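Undergrad:
4 protein chains.
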Amino acid sequence: MRHEKVEVIFQAAVEVFAESGFDQAKMDEIAQAAGVAKGTIYYHFKSKEELFVGLMNEGMEKLSDCVRRGIALKKSPSEQLEALLHAHILFFVKNGKLAKLLLNEAFGTKERQRQFRTKIREYLNLIESVLQQGIEQGEFQMAHPREMASAIFGAASVVVLQKIYSLEENQSEEIEATAPTMIESVQQLVFHPLIK
Amino acid sequence: MRHEKVEVIFQAAVEVFAESGFDQAKMDEIAQAAGVAKGTIYYHFKSKEELFVGLMNEGMEKLSDCVRRGIALKKSPSEQLEALLHAHILFFVKNGKLAKLLLNEAFGTKERQRQFRTKIREYLNLIESVLQQGIEQGEFQMAHPREMASAIFGAASVVVLQKIYSLEENQSEEIEATAPTMIESVQQLVFHPLIK
Amino acid sequence: MRHEKVEVIFQAAVEVFAESGFDQAKMDEIAQAAGVAKGTIYYHFKSKEELFVGLMNEGMEKLSDCVRRGIALKKSPSEQLEALLHAHILFFVKNGKLAKLLLNEAFGTKERQRQFRTKIREYLNLIESVLQQGIEQGEFQMAHPREMASAIFGAASVVVLQKIYSLEENQSEEIEATAPTMIESVQQLVFHPLIK
Amino acid sequence: MRHEKVEVIFQAAVEVFAESGFDQAKMDEIAQAAGVAKGTIYYHFKSKEELFVGLMNEGMEKLSDCVRRGIALKKSPSEQLEALLHAHILFFVKNGKLAKLLLNEAFGTKERQRQFRTKIREYLNLIESVLQQGIEQGEFQMAHPREMASAIFGAASVVVLQKIYSLEENQSEEIEATAPTMIESVQQLVFHPLIK
DNA sequence: CATGAATGAGATTTCATTCAT
DNA sequence: TATGAATGAAATCTCATTCAT
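Read top to bottom, the protein sequences are chains G, U, R and D.
FYI, UniProt numbering numbers position 48 of the first sequence as 48, with every residue one higher than the one before it.
FYI, UniProt numbering numbers position 101 of the second sequence as 101, with every residue one higher than the one before it.
FYI, UniProt numbering numbers position 29 of the third sequence as 29, with every residue one higher than the one before it.
FYI, UniProt numbering numbers position 51 of the fourth sequence as 51, with every residue one higher than the one before it.
#1: Please give me, in chain order, every unbroken run of the beta strand (DSSP E) with length at least 3 that falls completely inside the region 97-142 of chain G.
#2: Output the distance between the C-alpha atoms of residue 59 of chain R and residue 49 of chain R, rounded to the nearest integer angstrom.
#3: For the region 28-49 of chain D, list every residue whose C-beta sits within 7 Å of some C-beta in chain R, in sequence order.
#4: Assuming residue 84 of chain R contacts residue 127 of chain R (C-beta within less than 8 Å), just tell me the rounded distance between them.
#5: Is there at least one Cβ from chain G nearer than 7 Å to residue 75 of chain U's Cβ?
#6: To the nearest angstrom, how far is the alpha carbon of residue 96 of chain D from that of residue 63 of chain D?
#7: Under the assumption that residue 185 of chain U contacts residue 148 of chain G (Cβ atoms under 8 Å), give the Cβ distance between them as a whole number of angstroms.
#8: At a cut-off of 6 Å, is residue 129 of chain U close to the ligand SAM when judged by its beta-carbon and the heavy atoms of the ligand?
#9: Using only alpha-carbon positions, find the residue among U/165, U/195, U/137 and U/160 that is nearest to residue 79 of chain U.
#10: If you draw a straight line from the alpha carbon of residue 66 of chain D to that of residue 110 of chain G, how long is it in whole angstroms?
#11: With burial defined as no fewer than 16 other Cβ atoms inside 10 Å of the residue's Cβ, what is the status of residue 76 of chain G: buried or exposed?
#12: From residue 20 of chain G to residue 107 of chain G, what distance separates their C-alpha atoms?
#13: Taking the alpha carbon of residue 94 of chain G as the point to measure from, which residue in G/4, G/40 and G/164 has its own alpha carbon closest?
#14: Report yes or no: is there a C-beta of chain G within less than 7 Å of the C-beta of residue 104 of chain U?
#15: Applying the 10 Å Cβ sphere with the 16-neighbour rule, what's the burial state of residue 121 of chain G?
#16: Quick one: does residue 115 of chain D have its CB under 7 Å from some CB of chain R?
#17: Chain G beta carbons: is any one of them nearer than 7 Å to that of residue 119 of chain U?
#18: Could you confirm whether any beta carbon from chain R is found closer than 7 Å to the beta carbon of residue 144 of chain D?
#19: Measuring CB to CB, does residue 51 of chain U end up less than 7 Å from residue 25 of chain U?
#20: Could you say if the region 152-159 of chain D and the region 149-156 of chain R meet the contact criterion of at least three C-beta pairs nearer than 8 Å?
#21: Report the rounded CA-to-CA distance for residue 99 of chain R versus residue 92 of chain R, giving the unit in angstroms.
#22: What residue does the alpha helix (DSSP H) around residue 73 of chain R start on, and which one ends it?
#23: Here's the rule I'm using: 16 or more other beta-carbon atoms within 10 Å means buried, otherwise exposed. How should residue 125 of chain U be labelled?
#24: When the Cα of residue 86 of chain G is compared with those of G/191, G/192 and G/183, which residue comes out closest?
#25: Quick one: which chain G residues come within Cβ less than 8 Å of residue 165 of chain U?
#26: When Cβ atoms are compared, which residues of the region 164-196 of chain D fall closer than 7 Å to chain R?
#27: Between the Cα of residue 181 of chain R and those of D/162, D/169, D/177 and D/145, spot the shortest distance and give me the residue it belongs to.
#28: Out of D/15, D/191 and D/47, which has the shortest C-alpha to C-alpha gap to residue 32 of chain D?
#29: Under 7 Å between C-beta atoms, does residue 129 of chain G make it to chain U?
#30: Within this structure, are the beta carbons of residue 53 of chain U and residue 34 of chain U separated by less than 7 Å?
#31: Where DSSP assigns a beta bridge to residue 195 of chain R, which residues make up the other side?
#32: To the nearest angstrom, how far is it from the Cα of residue 174 of chain R to the Cα of residue 43 of chain D?
#33: Strictly under 7 Å for the Cβ-Cβ distance: is residue 159 of chain G near chain U by that measure?
#34: Check whether the Cβ atoms of residue 151 of chain R and residue 194 of chain D lie closer than 7 Å to each other.
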């Protein structure tokens, strides 16, 4: 298993990065949150950037794993897509910090952001491959699966993000209770026409 | 009309903020890009934050106006929604800088980000009101119009953002040519089931 | 003329660098000695290294100028060499700080040290050219003028350095009074055999 | 005999200190070069400074011994001085690392540097005593043997140092081949007038 | 004896902001 | 109005030293 201190630092770093964003996050704050000395972080990570990238990779990895597991149980592409949306939203609901980081830090021209987008690109490819299979098997019909993947990713992500922040402003914390509502909405968007 | 220098500063600031994000953007850089002295910015704006907020407000204002104009021409809610998506995507395609800022800086706990989200909230209300009207007039059918508004906003925004960055990485600049593809995809997502 | 603050910073920097060496010299200390804020140094110099290199270049320039002026008045190579030694030692006596920096920081593999040695190399070439002329005009006789230049440079420099530090340890400050002694010694070394 | 690990650490430390200077030398680097853990160095040496001082003392000791052995074989002061120069230069040629440390770290106000200079002072006394004997026995003639000792020391040391670095820049490694040239030059400087 | 993870004091550098001109 | 030199608070990162194992 990973070194104990590294784990603690990771935990703290997610919190702080998610709360403040990369630039506003202070290594001091992360150290304090982790209950270690600042130097300890630098003993285990070469730089703030490396710590961040490690975090991101792990986060995207977990999201991917989680979604893949959800998909694996299903046969047909439409069931798989349904499971994908379900898993994606639930994951973000349970890992709100990562959701925040995702939209806060995924776009931009810095190296760390490019690395991040590479991981997102991989995740989008996963979505796209489900769509593609649906098309091939005659279940789905669409002209641009790549764009559709982005759109679905955006819908499912922003729905959760927006909910997180609006609940935060009302100081309400019961986001998990709203998960079904969000899942239902995105699934309707994808599977049923809005128009009667 | 607005003071000439203010206009120049605004122009430069959008560029720089979009390219670097709020924190990494340097007042020096903005001043240089605007061709004025750093002091001049502070003569017209109280702080970096105020400059940013001014920018955001103006940007969201423009987006709102643009979308409202698109809607105004249409009668039925479904036509209005179609026009809204069309206008939204086209606006982001033509104002990529704002699109970048939107997702880069909209989420977070800093005061400027909260102000930003207030504007986004207003824009989401606009979308929601179209959905609501559709429901009332029996055109649309959905359980959670608020969540649906977020989802649609996310889909339309992320589709453009993802395209912008993927084209940038290929050093291709013809994003305008891809607008129809993106519009078509999001409109299908909203109006037609993916499933045959 | 050079900017006033730049001059002040230069002055202070020579003191501090000479006293502590490059690594032990603190920018804080230089700022305090100069009576400016630390940021001011960085407004005028990109880095500690750049400040140091600026200093070195100026110092070696002055030494070169001083020696060249001494030489210019003389006709024969032997008179020129005599004047060179005289000027060199007197310069180091009057600019002890530079003398310290010279031997403290001229050797090493860091970039700043390489730059420094380039300047020293130029200065050694000056000495060598006097020796060379002396050989060509039949005044001097030696097999290896390049090595001889180094040796003469070392003799004249170390004599002063050693004196500076030995006086410092006795807390005596009258180094100027000892200049003739040193000049005489080195000139004897160069022009007269030790052996009767 | 000295503890095995201590020997290894000493070896590594000379390398690293010579390459980087005292301040830039990292204990980590020394430990790695020695193939021991960092803690091990601290088991054998109280501090970085103590390690350095130990090194210096040993180095100057060796130089002294070497030169003394050279002198011991000769009778007359002039032959002794000749042997001294020969031994000094050869020692620096074979122990370039020490030569580098000598000029890099001998001057300065830090405690370790003062200790270092004490050793150098002793060595200068050795040179001076040869000169003094020469004067007393009527072989030499000079007004200031102390200054002359410094000058000779400087000449012999800088000649080698300058050669070391100039060969390094040309990535040539055959310094040993140039030893006779250097010895000849310094001996001419000391024993024969440059002037015909 | 030996280790290497952990520490924390302290250094360099950045940059929003101010203010005298 | 406009300027840009000056500021200083604050952030990242380094590394000698310690100490539990």
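Even for Gly, the Cβ is constructed at its ideal location relative to N, Cα and C.
Predicted, not measured: the structure shown is a model, and the values here were computed from it.
TA: A quick look at the data gives this:
#1: none
#2: 15 Å
#3: none
#4: 7 Å
#5: no
#6: 12 Å
#7: 5 Å
#8: In the structure on display, the ligand SAM does not appear, and there are no ligands present to speak of.
#9: U/137
#10: 59 Å
#11: exposed
#12: 16 Å
#13: G/164
#14: yes
#15: exposed
#16: no
#17: no
#18: yes
#19: no
#20: yes
#21: 5 Å
#22: That residue, residue 73 of chain R, is in no alpha helix (DSSP H); it is neither H nor E in DSSP.
#23: exposed
#24: G/183
#25: 107 and 117
#26: 165, 181, 182, 184, 185, 186, 188, 189, 190, 191, 192, 193, 194, 195 and 196
#27: D/145
#28: D/15
#29: no
#30: no
#31: D/140
#32: 46 Å
#33: yes
#34: no
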